[in-house]
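Asker:
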Amino acid sequence: MKIFNSHLVLIFSLSIVFQACKKSPKENLFEIANPIVQTGIHRIDSMPNLPKPFKIMDFNTLAKDYDKKVYDKSQTGKYWPLIWTDNSRKNFDQETYGIYTAMGDVRQGKEHYEGIFHESLASIGSVLGASLVGIDKSNQNGDNYLRMLKNYYNSETKWNIIMNNTGPEVAQLGGGYARDWWYDVYPNVMFYAVADLYPEIDEYDTILRSVAEKFYEADSVLNGNYDYSFFDYATMTPSKTWICTQQDAAAGHAYVLYSAYQKFNDPKYLEGAKSSLEALLNQKDNYFYEILMPFGAYIAARMNAEQGTDYDFLNGLNWTFDGNSVCREGWGVLVDNWNGYDVSGLVGSTTHNGGFAFLMNTYDTMWPLVPMVRYDQRYANTIGKWMLNAANASRLFYPYEIPDEHQTIPEEKEHTKGVIAYEGLIKSSHYEEEGLYLDLEAPVAIGDGMKWNKDNPKVSQFSVYGSGHVGIAGAIISKTNIENILQLDLLATDFYRGKAYPSYLYYNPNKETKEVVISIGDKDLKIYDAIERKFISQKTKYDFTFQVAAESSALLVLIPASAKIKEVDGKLYADDVVIDYRYSK
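FYI, in the working numbering the residues of the sequence shown are 123 to 707.
1. Note down, in chain order, each residue of its chain lying with its Cβ closer than 7 Å to the Cβ of D697, except the 5 sequence neighbours on either side.
2. Where I257 and A622 are concerned, what is the direct C-alpha to C-alpha distance, given to the nearest angstrom?
3. Take the Cβ of N461 as the centre, count every other Cβ of all protein chains shown within 10 Å, and call the residue buried at 16 or more, exposed below.
4. At which residues does the alpha helix (DSSP H) containing D167 begin and terminate?
5. How about P175: is its Cβ closer than 7 Å to a heavy atom in the ligand MN?
6. CB T662 to CB L647, shorter than 8 Å?
7. Would you mind giving the Cβ-Cβ distance between T484 and E451, rounded to the nearest angstrom? I have them listed as a contact below 8 Å.
8. Could you tell me whether the Cβ of G394 comes closer than 8 Å to any Cβ of chain B?
9. Counting C-beta neighbours from all protein chains within 10 Å, is the total for G546 16 or more, i.e. buried, or is it exposed?
10. Tell me whether the beta-carbon of I221 lies closer than 8 Å to the beta-carbon of Y275.
11. In or out: H164 buried (at least 16 other Cβ within 10 Å) or exposed?
12. Mapping the DSSP letters down to three states, classify V670 as helix, strand or coil.
13. Distance check for V465 and D208, CA to CA, integer angstroms please.
14. Would you list the one or two residues that DSSP bridges to N459?
15. Can we say the region 561-568 touches the region 493-500, given the rule of at least three CB pairs closer than 8 Å?
16. Counting only the same chain and skipping the five closest in sequence on each side, list residues whose C-beta sits under 8 Å from that of L425.
17. Are the CB atoms of N387 and P173 nearer to each other than 8 Å?
18. Using the C-alpha atoms, what's the distance from I238 back to V679?
19. Just list the residues that DSSP pairs P170 with in beta bridges.
20. In chain order, what residues of the same chain have a beta carbon less than 6 Å from the beta carbon of P203, not counting five sequence neighbours either side?
21. Can you say whether S361 is buried or exposed, counting buried as having 16 or more other CB atoms within 10 angstroms of its CB?
22. Helix, strand or coil for L491, going by three-state DSSP, please let me know.
23. Looking only at C-alpha atoms, which of G231, P175, A185, L254 sits nearest to L612?
24. On the DSSP bridge assignment, give the partners of G653 in chain order.
25. Measuring only the C-alpha atoms, how far is R709 from V700?
26. Report the start-end ranges of each beta strand (DSSP E) in the region 517-562 that is 3 residues or longer and not cut off at the edges.
27. Considering only the beta carbon of each residue, do N513 and I599 sit closer than 8 Å?
28. Exposed or buried, W364, counting other C-beta atoms within 10 Å across all chains shown (16 or more means buried)?
29. For the alpha helix (DSSP H) that contains E400, what are its first and last residues?
30. Just reading off the beta strand (DSSP E) that T359 is part of, what are its end residues?
31. Hey, W304 and L414: beta-carbon distance below 8 Å or not?
32. Report the option in A315, E291, N261, N632 whose CA atom is closest to the CA atom of A614.
33. Entirely within the region 571-628 and at least 4 residues each: give me those alpha helix (DSSP H) ranges in chain order.
34. Among residues of its own chain, excluding the 5 on either side of Y420, which ones have a beta-carbon nearer than 6 Å to its beta-carbon?
35. With 16 as the cutoff for other CB atoms within 10 Å, does D216 come out buried or exposed?
36. Look at the alpha carbon of M225 and the alpha carbon of P682, and state the distance between them as a whole number of angstroms.
Below you can see the structure in the form of structure tokens.
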């Protein structure tokens, strides 16, 4: 009898275990370990794991300091203030404002051309950067800079999109109008991003809808063929000029149209986003021109995750980094060491002057590529490694971060007040252009201001417009207790998304496992690693310690401890929020 009862207990116990497993092994998410296999990008693979000399600036504080000084009309000093009022009332019957493109730019300010020449790359870019680090630009010292950006909407020309200037005659003052396609597309990408940061303000909606309509119609006219250098959005006519063709304008169209779809829920914008994205991805060659290409990779990854498409966008990533553009020779991402300075990760020409990187392009490439990892974790290691290199090398543009002997005008750096960087960084130690003669050891911090106008002073090499985009890095990048392991915020520049829990990427460049400690607040959380595809904690708060394996990444999602976990159609949810788009892939 005792033997029989023992068997019953054993059978009953086994039945409980079997039923628990049968119920769903995926309810016990601690035990599921099927890590995402990483996909490399060969040019990033060639970058150093530990770039030297190593230092990560506090980009967040720098962004706030930039805004505090540049948007202060009472700043004093030679070449200051850098902001002025424009009362030309173009496109909208309201005052607007200008920000200098470069310090001392003789084309700009209240004293020149009645103050009407200014660029949205500076104004919208700096509003975006400031807003990303928490500054309310809709009500700053009594000024609504958000509203004033509307003057870049070129209604008087019937283009009815956001442009880099407030009108064609304005652009002529700066040396040309609407010949360069990216200048007409990218301001709309920035404007859409700014609008998403102020969802409670609806005065942009008419403009946003107009831009979407124009881009949808343009894509329909182009019908998959973006082999042009210019597009007239008033007459809906594409054309070619002396500037090479810019097929990656399709990426800008795709970004804006997919954002419009998310905002307005109009299915035709989704159709247009797919059409323009497919025009980009179906190209056989690399036509990366300035900044738009990586936005195509981001939209492809996101639509694969959210819309169930199956776009292969690896070419788009390689085209961003390779430096083998058919259109613009050498355009891509640097992989190099110049006299002991690692400059890998910076964006620009890989060939001009032996390499010519630009600050704005580097910051703005972070914007789409970091959140891309949230939708496709296969690129966690490669984007994490690139970001470590790019963040480290970015400081070399700043005159107080690079030795004087590597600067063209170190004697002028006091005018930057610590917030304005050089526009570019070159390798060539012999530079002769527009009256500037150099014989410096690389890397050389420099700028193009003297090329734009022969009367521009030397300080025009300091880039006000590029420096204003620092808030992108400031919102994304934070430091951890391990010097060379960054915390990258995957949501900061992931605009027009649905509800999401805080999500961070950590890349460990070291040859040994490291323990990272992060502060997560005083509420109990579950911690999910979307690369390991498992929970690494079911309940924790305050400081949380986790391990990141050597030369590997962790992608942590911080979820309320009470959230119910479920899998639906291959995606993992916490309550109704997706925490892993590739859970069963």
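Just so you know, even glycine gets a beta-carbon here, dropped at the ideal spot from N, CA and C.
Answerer: Quick look at the numbers:
1. In the sequence shown, the residue the question calls residue 697 occupies position 575. Closer than 7 Å at the Cβ level, and outside the excluded window around D697, lie A685, K686.
2. In the sequence shown, counting from the first residue as 1, residue 257 sits at position 135. In the sequence shown, counting from the first residue as 1, residue 622 sits at position 500. Cα to Cα, the separation comes out at about 22 Å.
3. For this step, residue 461 is matched to residue 339 along the sequence shown. So N461 counts as exposed.
4. Position 45 of the sequence shown, counted from the start, is the residue given in the question as residue 167. For D167, the uninterrupted alpha helix (DSSP H) segment begins and ends at 164-167.
5. Of the ligands one can find in the structure shown there are none, so the ligand MN has no counterpart to examine.
6. Within the sequence shown, residue 662 is the residue found at index 540, counting from 1. Within the sequence shown, residue 647 is the residue found at index 525, counting from 1. Between T662 and L647, the gap from beta carbon to beta carbon is short of 8 Å.
7. The residue you call residue 484 lines up with position 362 of the sequence shown. The residue you call residue 451 lines up with position 329 of the sequence shown. Taking a contact as a CB-CB distance under 8 Å, the pair T484 and E451 does not count as one, their CB atoms being some 19 Å apart.
8. In the structure shown, chain B cannot be found, because there is only a single protein chain.
9. Taking the first residue of the sequence shown as 1, we reach residue 546 at position 424. By the Cβ-count criterion, G546 is buried, with 16 or more other Cβ atoms from all chains shown falling within 10 Å of its own Cβ.
10. Residue numbering aside, residue 221 sits at position 99 when the sequence shown is read from its first letter. Residue numbering aside, residue 275 sits at position 153 when the sequence shown is read from its first letter. The answer is no: Cβ separation not under 8 Å.
11. Looking up residue 164 in the sequence shown gives position 42. Under this definition H164 is an exposed residue.
12. Residue numbering aside, residue 670 sits at position 548 when the sequence shown is read from its first letter. Three-state result, V670: strand.
13. To locate residue 208, count along the sequence shown from 1; it is residue 86. To locate residue 465, count along the sequence shown from 1; it is residue 343. Cα-Cα distance, rounded: 39 Å.
14. Counting from 1 along the sequence shown, the entry for residue 459 is found at position 337. Bridge partners of N459: D464.
15. no
16. Here residue 425 corresponds to residue number 303 of the sequence shown, with the count starting at 1. This sequence places Met at residue 425; Leu is not what is there. These residues qualify, in order along the chain: Y380, A395, K396, L399, T431, Y433.
17. Stepping through the sequence shown from its first residue, residue 387 is reached at position 265. Stepping through the sequence shown from its first residue, residue 173 is reached at position 51. Taking 8 Å as the Cβ cut-off, N387 and P173 do not qualify as a contacting pair.
18. Translated into positions along the sequence shown, residue 679 becomes position 557. Translated into positions along the sequence shown, residue 238 becomes position 116. Their Cα atoms are separated by approximately 47 Å.
19. Taking the sequence shown and counting its residues from 1, the one referred to as residue 170 is at position 48. P170 is not bridged to any residue.
20. Counting from 1 along the sequence shown, the entry for residue 203 is found at position 81. Correct list, in chain order: K195, Q197.
21. Your numbering for residue 361 matches position 239 in the sequence shown. The residue in question, S361, is exposed, as its Cβ has fewer than 16 Cβ neighbours within 10 Å.
22. Against the sequence shown, residue 491 aligns to sequence position 369. It is helical.
23. Numbered from its first residue, the sequence shown carries residue 612 at position 490. Checked all of G231, P175, A185, L254; the closest Cα to L612 is L254.
24. As a working note, residue 653 is residue 531 in the sequence shown. The residue you asked about is not Gly; residue 653 is Ile in the sequence shown. Per DSSP, none; premise fails for I653.
25. One cannot answer for residue 709 here, as it falls past the ends of the chain, which runs 123 to 707.
26. 546-548, 552-555, 558-561
27. As a first step, residue 513 must be located in the sequence shown, where it is residue number 391. As a first step, residue 599 must be located in the sequence shown, where it is residue number 477. Note on residue identity: the sequence assigns Ala, not Asn, to residue 513. Yes, Cβ-Cβ distance for A513 and I599 is below 8 Å.
28. Mapped onto the sequence shown, residue 364 falls at position 242. With fewer than 16 other Cβ atoms within 10 Å, it is exposed.
29. Translated into the one-based positions of the sequence shown, residue 400 becomes position 278. First-last of the alpha helix (DSSP H) with E400: 389-403.
30. Residue numbering aside, residue 359 sits at position 237 when the sequence shown is read from its first letter. 359-361 is the extent of the beta strand (DSSP E) around T359.
31. Locating residue 304 in the sequence shown gives position 182, where the first residue counts as 1. Locating residue 414 in the sequence shown gives position 292, where the first residue counts as 1. In contact: W304 and L414 (Cβ atoms closer than 8 Å).
32. Translated into positions along the sequence shown, residue 614 becomes position 492. Here the closest residue by C-alpha is A315.
33. 571-574, 586-589, 592-598
34. Counted from its first residue, the sequence shown places residue 420 at position 298. P490, M494.
35. Start at 1 with the first residue of the sequence shown, and residue 216 comes out as number 94. First, the residue type needs correcting, since residue 216 is Gln and not Asp in the sequence shown. With fewer than 16 Cβ atoms within 10 Å of its Cβ, Q216 is classed as exposed.
36. Within the sequence shown, the letter at position 103 stands for residue 225. Within the sequence shown, the letter at position 560 stands for residue 682. Distance between the alpha carbons of M225 and P682: 48 Å.
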